[in-house]
């Protein structure tokens with residue numbers, strides 16, 4: 361059974377960000393679907409295996425895989441309805457909290473930033489993660505708190521996993 365809770369002002373944010381010609385938002389949304397993200401993750405994983413960076417491969421696989429597997433379960437558990445301000449595509453799931461686009465993109469980008477340990481991937485990663493969240497809001501598919509929850513839970517999981525692996529190996533991923 362779907363729940364219908366939201367914070368005051370969330371619909372106002374969606375109306376403010378909405379664009380009837382949402383072609384840019386749709387492109388960003390399409391690029392941050394699970395299939396394109398999975399393709400990037402596979403390329404990264406193969407590169408790490410070729411480089412024999414076993415801990416990094418484990419970190420990326422576990423960090424990303426858990427978020428991607430658990431997020432749909434969280435949506436079912438919470439059962440929050442999607443915004444209904446504009447028609448939604450038939451292929452989106454019934455529930456919105458937490459945002460899968462936000463969580464999935466954040467998990468992959470967060471894992472990449474942590475294994476690369478450079479400033480420029482972090483800056484580029486923030487841009488990609490914010491763009492993924494913006495697209496979901498501009499398209500009216502998520503409330504702002506859905507996106508925020510996706511970002512926070514993916515960051516929390518990837519950060520926790522990094523600390524666990526660091527403590528197990530007395531170093532960091534790598």
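Numbering (this note's numbering), first residue to last: 361 to 534. Ideal Cβ placement from N, Cα and C applies to all residues, glycine included.
Buried or exposed: residue i, going by 16 or more other Cβ atoms within 10 Å of its Cβ?
i           : result
residue 380 : exposed
residue 416 : buried
residue 510 : buried
residue 501 : buried
residue 410 : exposed
residue 406 : exposed
residue 445 : exposed
residue 479 : exposed
residue 392 : buried
Considering only the alpha carbon of each residue, which of the options lies closest to residue i?
i           : options            : result
residue 458 : 433, 448, 484, 473 : 433
residue 449 : 517, 386, 526, 525 : 386
residue 428 : 513, 522, 382, 528 : 513
residue 335 : 443, 524, 526      : A query on residue 335 cannot be resolved here, the shown segment of the chain reaching from 361 to 534 and no further.
residue 452 : 413, 394, 402, 398 : 394
residue 525 : 371, 462, 421      : 421
residue 389 : 515, 495, 507, 521 : 495
residue 522 : 475, 399, 398      : 475
DSSP puts residue i in a beta bridge; with which residues?
i           : result
residue 383 : DSSP output for residue 383 lists no bridge partner at all.
residue 441 : 455
Taking the alpha helix (DSSP H) that residue i falls in, what are its first and last residues?
i           : result
residue 419 : 414-438
residue 446 : Note, residue 446: premise wrong, no alpha helix (DSSP H); not H, not E.
residue 621 : It is not possible to answer for residue 621, since the shown part of the chain is limited to 361 through 534.
residue 408 : 394-410
For the ligand ADP, is there any heavy atom lying closer than 7 Å to the beta carbon of residue i?
i           : result
residue 454 : Judged by which ligands are present, the structure shown has none, so any question about the ligand ADP falls away.
### Query
Which parts of the stretch 452-481 are runs of the alpha helix (DSSP H), unbroken and 4 residues or longer, counting only runs that do not cross its ends?
460-476
### Task
At 4 residues or longer, and completely inside the stretch 478-516: list those alpha helix (DSSP H) runs for me, N to C.
479-498
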